[in-house]
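The sequence shown begins at 0 in numbering that gives the first Met the number 0 and counts up by one.
Structure first, then comments.
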Amino acid sequence: MTIRKYLILAAVAVFASCGDVCLARGMRDFGAVTTANWHQLFGVVLNPWVLTGICLLLLFFGSYLTALSWTDLTYVLPATALSYVLMALLGELFLNEHVTVSRWVGIALITVGVGFVASGPAVTPAVPPHCERYEAEIPVGSGARSDA
0 MTIRKYLILA AVAVFASCGD VCLARGMRDF GAVTTANWHQ LFGVVLNPWV LTGICLLLLF
60 FGSYLTALSW TDLTYVLPAT ALSYVLMALL GELFLNEHVT VSRWVGIALI TVGVGFVASG
120 PAVTPAVPPH CERYEAEIPV GSGARSDA
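Given below as structure tokens:
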């Protein structure tokens with residue numbers, strides 16, 4: 000993979016984490032959504048934190064689509080799971096949340112899993128070599144569909 004592709008994956012993780020933290024900060028200003036105030040929920044979009052979060056999540060979505068255009072979903076999704084580490088750190092620093100030891104262990108397990116996924120191929124080959132051989136070995140009249 001090129002440095003540009005690593006930067007796109009990093010952008011996915013950073014934009015997702017920062018966008019979610021901004022949304023959480025903005026929703027703390029609004030308070031709990033209940034049946035009594037749900038109609039005011041649409042006005043929360045004007046909150047600067049929520050608006051910033053939405054913009055960051057739009058950047059996340061653009062970079063996510065870019066990553067999916069050149070590699071498999073099964074590679075991109077785990078590789079961007081590193082955003083969990085960043086999100087926990089940002090939650091502690093900016094939202095004054097307490098991240099428990101069990102949550103840190105869970106985040107560490109996710110990070111180790113990302114390492115396993117990243118060591119494999121990023122793109123599935125278009126046509127596995129064994130498929131053409133398999134199709135040629137299907138006997139005519141065996142009940143298999145033929146497009147010819």
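Yeah, the Cβ is synthetic: ideal placement off N, Cα and C, and Gly gets one too.
Quick one: what does DSSP say V49 is sitting in, helix, strand or coil? On the sequence shown, position 50 is the one that residue 49 refers to. Helix.
Integer-rounded CB distance, given that S82 should sit under 8 Å from A15: Walking along the sequence shown from the start, residue 15 turns up at place 16. Walking along the sequence shown from the start, residue 82 turns up at place 83. With a Cβ gap of about 5 Å, A15 and S82 count as contacting.
Compare the Cα-Cα distances from G202 to each of Y74, C54, G18, T65 and report the closest residue. This structure cannot settle anything about residue 202, because the visible part of the chain is limited to 0 through 147.
DSSP state of G200 mapped onto helix, strand, coil: This structure leaves residue 200 out entirely; the chain is present only between 0 and 147.
Looking only at its chain, what residues have a beta carbon closer than 8 Å to the beta carbon of Y5, apart from the 5 residues adjacent to it on each side? Here the question's residue 5 lines up with position 6 in the sequence shown. For Y5, where only same-chain residues beyond five positions count, there are no Cβ hits under 8 Å.
Assign C21 to one of two classes, buried (16 or more other C-beta atoms within 10 Å of its C-beta) or exposed (fewer than that). The residue you call residue 21 lines up with position 22 of the sequence shown. Its Cβ being crowded by 16 or more others within 10 Å, C21 is buried.
Return the CA-CA distance between V111 and T34, expressed in angstroms with no decimal places. Sequence index remark: in the sequence shown, residue 111 carries index 112 (1-based). Sequence index remark: in the sequence shown, residue 34 carries index 35 (1-based). If I take the Cα positions, the gap works out to 41 Å.
Please report the Cβ distance between V84 and I106, rounded to the nearest whole angstrom; I am assuming they are in contact, meaning their Cβ atoms lie under 8 Å. As a first step, residue 84 is located in the sequence shown; it is residue number 85 there, counting from the start. As a first step, residue 106 is located in the sequence shown; it is residue number 107 there, counting from the start. Between I106 and V84 the Cβ distance is about 6 Å, and since that is below 8 Å, they are a contact.
In this structure, does DSSP put D19 in helix, strand or coil? On the sequence shown, residue 19 is found 20 positions in, with the first residue counted as 1. DSSP places D19 in helix when its eight states are reduced to three.
Mind checking which residues open and close the alpha helix (DSSP H) that includes F93? Mapped onto the sequence shown, residue 93 falls at position 94. Residues 82 to 93.
Can you tell me where the alpha helix (DSSP H) with T123 in it begins and where it stops? Taking the first residue of the sequence shown as 1, we reach residue 123 at position 124. Counting along the chain, T123 falls outside any alpha helix (DSSP H), and DSSP gives it neither H nor E.
Alpha carbon of A147 to alpha carbon of T123, nearest angstrom: Taking the first residue of the sequence shown as 1, we reach residue 147 at position 148. Taking the first residue of the sequence shown as 1, we reach residue 123 at position 124. Interpretation of A147 is limited by its pLDDT of 48, a score under 50 that renders its predicted location unreliable; the figure taken from the coordinates is listed afterwards. For A147 and T123, the distance between alpha carbons rounds to 27 Å.
For a test of the three-state rule: what should DSSP assign to V43, helix, strand or coil? Stepping through the sequence shown from its first residue, residue 43 is reached at position 44. Residue state, collapsed to three classes: helix.
Using alpha carbons as the reference points, say which of L50, Q39, L55 lies closest to A10. Here residue 10 is taken as the residue at index 11 of the sequence shown, counted from 1. Nearest option by C-alpha distance: L55.
Tell me whether T70 sits in a helix, a strand or coil according to DSSP, three-state version. Position 71 of the sequence shown, counted from the start, is the residue given in the question as residue 70. In this structure, T70 counts as coil in the three-state DSSP scheme.
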